[in-house]
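Basically the working numbering = 1-based index in the sequence shown + 1101. Each residue gets a CB set at the ideal place from its N, CA and C atoms; glycine is no exception. All values reported here derive from a predicted model rather than from experimental measurement.
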Amino acid sequence: MTTPTDVLLGEIARIATHPAEQAHSMPPGVYTDEGLLALETERLFSKGWICLGRADAMAKPGDYITWTIGDQPVFAMRQNDGSVRAFANVCLHRMMVMLPEACGHAKRIVCPYHAWTY
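Right, here's the structure in full:
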């Protein structure tokens, strides 16, 4: 049985074989098809590194940016030694999101549930 996702993948493959002079936009379904989203999440976004943002957005130690990759909240923070490290943005105790979804500065990361401090 052919699914809507299979049809979209076939159309994408057909479009990809055209010369650049015949390029046109993707079919609208590539932006809304749940099956294609699941396939992209499995094969692309969960298999390798994902760029959260620019390092210069975290200029000083304690500056951070947050993002959600798939269904996983993450953050990256400038460290005291100048490096940038990324972490899961959830408390190990109750899985509460610790830093608000945006960017900012924090001297400490405190869980809003039991105030565990990282």
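Check	Outcome
Mind checking which residues open and close the beta strand (DSSP E) that includes residue 1169?	1164-1170
What would DSSP say about residue 1186, mapped onto helix, strand or coil?	strand
Run the CB neighbour count on residue 1177, radius 10 Å, all protein chains shown included, and call it buried at 16 or more, exposed below.	buried
Can you pull the DSSP bridge partners for residue 1173?	1170
For the candidate residues 1148, 1104, 1123, whose alpha-carbon lies nearest to that of residue 1135?	1104
For residue 1115, does the three-state DSSP call read helix, strand or coil?	helix
Quick one: what's got a C-beta closer than 7 Å to residue 1109's C-beta in the same chain, skipping five residues either side?	1128, 1130, 1131, 1134, 1137
Per DSSP, which residues does residue 1205 bridge with? Please list them.	1165
On a CA-only basis, which of 1118, 1141, 1188 is nearest residue 1219? Give me that one, please.	1188
Just to confirm before moving on: does the CB-CB distance between residue 1161 and residue 1179 stay below 8 Å?	yes
Quick check on residue 1179: does DSSP put it in helix, strand or coil?	strand
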